[in-house]
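As given, the protein sequences belong to chains A and B, one line each in that order. Just so we're aligned, residue 1 is where the first sequence starts under our numbering, counting upward by one. Just so we're aligned, residue 1 is where the second sequence starts under our numbering, counting upward by one.
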Amino acid sequence: MAQAAQKLVAKVPKLVGAAVTYTKPRLATFWYYARVELVPPTPSEIPKAIDSASGLIKSYQAGRLGQTTVKDALRNGLVATEVLMWFYIGECIGKGGIVGYNV
Amino acid sequence: MVPPVAVSPLIKTARYSALIVGIIYGKMRYDHLKPIAAEERRIEEEEKKAREEHERIAKQLAEASEDTILK
């Protein structure tokens, strides 16, 4: 029993080394994309965002909704769903748990 | 590797504001639900005590009134 525990403890640095070698390139790829795609907006980009939003509203009022292709509609639907999922992730962070409220 | 896509600022602001709104909403809902759950637990404790008291009394009565000689 003690010998088995000792052998396990001796294997831990090797396991940690293997885990690091496995994750390093994947972490590098993730970081490579995340640094451009997942960064929060800089303060200078927020007016541009407000302009795009008002542009969206104007094009909706101009009746261009009927001219969107199905492909565009599907793509916009997916993007909207992704933004909605960020809300649920924020809710999970705020309530301190993944499933349900731990009251 | 495919070069990373430049995400439109509208999507970026929408994502991060949704995240922050979600965090605030989760915190507020948790703070709202916590005292309600504590209250329910307290009421459940009291009712459980009252119920156990009644069961104890009923058991005592039943034991006293059963007529068997196997005691």
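The beta-carbon is built from N, C-alpha and C at its ideal position, and this holds for glycine as well. Nothing here was measured: the structure is a model prediction, and the numbers come from that model.
- For residue 28 of chain A, no CB of chain B lies under 7 Å from its own CB, so it is not counted at the interface with that chain.
- Taking the beta carbon of residue 15 of chain B as reference, the chain A residues within 8 Å of it are 82, 83, 86, listed in sequence order.
- Listed along chain A are 101, 103, each with a C-beta nearer than 8 Å to that of residue 33 of chain B.
- Between residue 4 of chain B and residue 36 of chain A, the C-beta gap is smaller than 7 Å, which places the two residues in contact.
- Rounded to the nearest whole angstrom, the CA to CA distance from residue 86 of chain A to residue 8 of chain A is 40 Å.
- Under the DSSP assignment, residue 32 of chain A falls in the alpha helix (DSSP H) whose first and last residues are 2 to 37.
- Residues of the stretch 34 to 60 of chain A with a C-beta less than 7 Å from any C-beta of chain B: 36, 37, 40, 41, 45, 46, 48, 49, 52, 53, listed in chain order.
- Collapsing the DSSP output to three states places residue 70 of chain B in coil.
- Residue-level contact check: residue 7 of chain A does not touch chain B, since none of the beta carbons of chain B fall below 7 Å from its beta carbon.
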